[in-house]
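Undergrad:
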Amino acid sequence: MLEARPTESKTPGRPAQKRQPAVLVTGAGGEMGHGLIRALAESSEQLSIVGLDLRPATDEIADCCSETLAGDVRDQSLLDGLARRYHFTQVYHLAALLSTSAEQAPIQAFEVNLGGTMNLLRLAIETRDQTGVTPQVLFPSTIAVYGVPTLEAKLAAGSVAEHECLEPRTMYGCNKLSAEQLGRYFTLHHRQLQPGEPGSVDFRAIRFPGIISADTIPTGGTTDYGPQMLHAAAQDKPYQCFVRPDSRLPFMTMPEAIEAMLSLAAAERSTLTRTAYNVRSFAPTAAELAETIGARFPALEVGFEPHPGRQMIVDGWPADVDDRAAAKDWGWSARHTLETALDEYLIPGLRRHYGRT
Ligand code: SER
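Just so we're aligned, residue 1098 is where the sequence shown starts under the working numbering, counting upward by one.
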């Protein structure tokens, strides 16, 4: 386990004020962390943001945070140290090993994805006990919590609702579903031996589909073929897709994902009827993805070389998810189709990113 090292402080030499209110973001240096921290820093609320990641923070992240730390969510003493200095009103717990990485290292995935989540829940519970204020814990869950036994069952299931097909076939899916259940327990049932006690935490989860960013490419996920294909196209590189052309999964853009997290965080607790909500924007097959991207990057060459293990994971995930509960409870609405995602966000962003304006 890595040892925690503060990497940057905006006020060097001045120790953080004792138990200063702050927002904690774990996985701060990851794909979603980047965009989320920028959005939090730009919000009008003047939040103190503490960023935690295994890797030292980039300047861009450090500039948005009052403190960044390189450390591991498995490191309880690191979290205890943070809890002595900050009163976290919100925790965005993004740190996780994605699905392909988790299959390669299932025990480590369990420790990070579930053990890490328990550590963060404990931090939130202790904060509530010490301050009387219930912290929000915002959690990116995933379509991997779903599991269909066969391709035929996937086609028959169509667009799945939150309570359906909950038999995950990956370590990542098992971890995330268990984490959702822990969050639900600590929100609704913890301390039931002392009736009348309020919830210990306010846990809210979104089951994200594949997420596509114009700025970053994910690592270790199974939906990675979407963003990889697009970034290859933008760099005039050929792409070998690791799933069959007929593989269908839901996706969305990174700005939509971040907006969804912030909208769920802003929702009144009384309007929420679930612990975890589906969201999605478009659900193309890999062939449709290649065709729609290829229409905009005519030089793109996509080959299909399915990887048996990753194909099995994709075949076990639903072709689409039903996001009506999120729409009803907290006003979620997808901003993009695949075409508008490409034309209005991804391609302009990719041009800027790769300096091809
Ligand atoms: N993008 C994730 C993965 O592929 C699924 O939520 O692991």
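Cβ atoms here follow ideal geometry from the backbone N, Cα and C, with glycine treated the same way. Since this is a predicted model, take the numbers as computed values, not measurements.
Ignoring anything shorter than 4 residues, give me the alpha helix (DSSP H) runs that lie fully in the segment 1412 to 1452, in order along the chain.
TA: For the segment 1412 to 1452, whole alpha helix (DSSP H) runs of length 4 or above, ordered along the chain, are 1421 to 1427, 1444 to 1450.
Undergrad: Judging by CA-CA distance, which residue of G1452, Q1143, T1350 is the nearest neighbour of L1439?
TA: As a working mapping, residue 1439 is identified with position 342 in the sequence shown. Ranking the options by Cα distance to L1439, first place goes to T1350.
Undergrad: Looking at C-alpha atoms only, which residue of R1407, T1370, P1324 is the closest neighbour of V1340?
TA: Taking the sequence shown and counting its residues from 1, the one referred to as residue 1340 is at position 243. Nearest C-alpha to V1340: R1407.
Undergrad: In terms of residue numbering, what span does the beta strand (DSSP E) encompassing T1313 cover?
TA: Mapped onto the sequence shown, residue 1313 falls at position 216. Taken as a continuous stretch (DSSP letters only), T1313 belongs to no beta strand (DSSP E), as it is neither H nor E.
Undergrad: Could you pull out every residue in the same chain whose Cβ sits closer than 7 Å to the Cβ of D1333, ignoring the five residues on either side in sequence?
TA: As a first step, residue 1333 must be located in the sequence shown, where it is residue number 236. The residues are A1396.
Undergrad: Which same chain residues end up closer than 7 Å to W1414 when comparing Cβ atoms and leaving out the 5 residues on each side of it in sequence?
TA: To locate residue 1414, count along the sequence shown from 1; it is residue 317. Cβ neighbours of W1414 beyond the five flanking positions: I1240, A1241, Y1243, L1346.
Undergrad: Report the rounded CA-to-CA distance for V1120 versus T1228, giving the unit in angstroms.
TA: In the sequence shown, residue 1120 corresponds to position 23, counting from 1. In the sequence shown, residue 1228 corresponds to position 131, counting from 1. Taking the straight line from one Cα to the other gives about 15 Å.
Undergrad: Less than 8 Å separating the beta-carbons of L1290 and I1309?
TA: Translated into the one-based positions of the sequence shown, residue 1290 becomes position 193. Translated into the one-based positions of the sequence shown, residue 1309 becomes position 212. For L1290 and I1309, no; Cβs fall outside 8 Å.
Undergrad: Below 8 Å, how does it come out for the segment 1198 to 1209 and the segment 1224 to 1238: are there three or more Cβ pairs, yes or no?
TA: No: fewer than three Cβ pairs fall under 8 Å.
Undergrad: Under 7 Å from any heavy atom of the ligand SER, does the C-beta of D1420 make it?
TA: To locate residue 1420, count along the sequence shown from 1; it is residue 323. Outside the cutoff, so no.
Undergrad: Assign L1211 to buried or exposed, taking buried as 16 or more other Cβ atoms, counted over all protein chains shown, within 10 Å of its Cβ.
TA: Position 114 of the sequence shown, counting from 1, holds the residue named residue 1211. With 16 or more other Cβ atoms within 10 Å, it is buried.
Undergrad: The alpha helix (DSSP H) spanning R1219 covers which residue range?
TA: Numbered from 1 along the sequence shown, position 122 holds the residue referred to as residue 1219. Residues 1213 to 1228.
Undergrad: Pick from L1217, Q1117, Q1233, Q1143: whose alpha carbon is nearest that of A1364?
TA: Reading the sequence shown from its first residue, position 267 is the one you call residue 1364. Nearest C-alpha to A1364: Q1233.
Undergrad: Can we count L1195 as close to the ligand SER, meaning its CB is less than 7 Å from some heavy atom?
TA: Within the sequence shown, numbered from 1, the residue matching residue 1195 stands at position 98. Yes, the ligand SER has a heavy atom inside 7 Å of this Cβ.
Undergrad: Is I1134 close to the ligand SAH? I mean its beta-carbon at under 7 Å from any heavy atom of the ligand.
TA: For the ligand SAH, the structure offers nothing, since it holds only the ligand SER.
Undergrad: Within 7 Å: the Cβ of Y1322 and any heavy atom of the ligand SER?
TA: The sequence position of residue 1322 within the sequence shown is 225, counting from 1. It does not: the Cβ of Y1322 is nowhere closer than 7 Å to a heavy atom of the ligand SER.
Undergrad: L1218 and V1298 - do their beta-carbons sit closer together than 8 Å?
TA: As a position in the sequence shown, residue 1298 is number 201, starting the count at 1. As a position in the sequence shown, residue 1218 is number 121, starting the count at 1. In contact: V1298 and L1218 (Cβ atoms closer than 8 Å).
Undergrad: Assuming the contact rule is C-beta atoms closer than 8 Å, L1248 and D1412 should be a hit. Round their C-beta distance to whole Å, please.
TA: As a position in the sequence shown, residue 1248 is number 151, starting the count at 1. As a position in the sequence shown, residue 1412 is number 315, starting the count at 1. That belief holds up - the Cβ atoms of L1248 and D1412 are roughly 5 Å apart, short of 8 Å.
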